[in-house]
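Have a look at the structure below, then the notes.
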């Protein structure tokens, strides 16, 4: 039975294909064309662009495995790019990699793997998957902390996990590049891809402006105490915690504290108003052993990651006065932005099990909420 490897044209997925092929598996390489090649095709660090497709095919030929290029552009636009633009237009900060993994790369590509007669899909993500005693599979943080990609995979379902394999979770990046060199792969020294693969030149505002022009409508910059401080260039240019580029002059440093897209308002305030101690999440994907509602009712202790670059911090699950789930942060976190992911683990360090997560819907901040209450 064949085993499908998702080949992006980078060193990681190429090594996965090489390791499995040399281990005797019947490997089939699949590369997705996800977006208009255009300006992104030749940009260094782009993913799934023209050069990447060529590199994936070159690696497949070197390994002697069949290779297919599939046009997923319309799916990617609908599931990832359109949602990306919608998020910025509504005043929240998206993570397109989560949407891409959840839909196009896992849901749709697993269906394609099945069409090719494969029961398993392997990828080059830095995360570990292990079998539990009851037969289910669980995700764990990668051995190399600064390469761990579990934050972007929290939305992976149990059904998907049963058919996914991640052979690089126990390896360091340097070891992967050494394996690529040993295998004679042309991508051994290829630079890593960037987070937002479909944004030519890194200017996400150009894409949002084209798809959702209303996100560029100007509006007011308002202090949490009610003062009108100036005008902004459109809500798409701002995110929670931002200090630079506000276009206003004040004696004290001010940060973006909130964005009200319906009123076209950007709310600013002092740094202490950025500290959040509780988070409401939506679209929860729970991978723990007990039901999520039970974990919340029991106020289970967890470790919480609210940015891909931050370490998991201590917290607990709980319920608010209406019985809705909350994630409490024991030490508080700054710059927690709606639209980002709140990801939960059972430990703070390497090898921790991924328990699940959700999209940040709203937050609670004692300083911010008190200042807004005074104005109201």
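Residue numbers (my numbering): 2 to 377. Where is the CB? At the ideal position from N, CA and C, for every residue including glycine.
Check: Chain-order list of residues whose beta-carbon lies under 7 Å from that of residue 289 (same chain, five-residue window excluded); Outcome: 296, 356 and 357
Check: Run of the beta strand (DSSP E) containing residue 107, from where it starts to where it stops; Outcome: Looking at the DSSP string, residue 107 is not in any beta strand (DSSP E), and its letter there is neither H nor E.
Check: Through-space distance from residue 312 to residue 256, alpha-carbon basis; Outcome: 23 Å
Check: When 338, 298 and 342 are compared against residue 322, the one with the closest alpha-carbon; Outcome: 298
Check: Nearest-angstrom Cβ-Cβ length linking residue 307 and residue 273, presumed shorter than 8 Å; Outcome: Rounded, the Cβ-Cβ distance is 18 Å, inconsistent with contact.
Check: Sequence-distant residues of its chain with Cβ nearer than 7 Å to residue 26 (five each side left out); Outcome: 4
Check: Residue 333 - containing beta strand (DSSP E), residue span; Outcome: 326 to 334
Check: Anticipated Cβ contact below 8 Å, residue 95 with residue 84, distance rounded; Outcome: 7 Å
Check: Validate contact between the segment 121 to 139 and the segment 160 to 173 using beta carbons, cut 8 Å, 3 pairs; Outcome: yes
Check: Start-to-end residues for the alpha helix (DSSP H) that takes in residue 97; Outcome: 97 to 101
Check: Nearest candidate by alpha-carbon position, reference residue 130, set 10, 253, 376 and 161; Outcome: 161
Check: Pair within 7 Å by beta-carbon distance, residue 270 and residue 225; Outcome: yes
Check: Bridge-paired residues (DSSP) for residue 147; Outcome: Answer is none; residue 147 lacks a bridge partner.
Check: Unbroken alpha helix (DSSP H) run spanning residue 297, endpoints; Outcome: 293 to 298
Check: Residue of 146, 120 and 6 minimising C-alpha distance to residue 58; Outcome: 6
Check: Residues bridged to residue 6 (per DSSP); Outcome: 30 and 123
Check: Alpha-carbon spacing of residue 278 relative to residue 294, whole angstroms; Outcome: 20 Å
Check: CB contact flag (residue 92, residue 260, <7 Å); Outcome: yes
Check: Selected residue, minimal CA-CA separation from residue 252, among 157, 363 and 230; Outcome: 230
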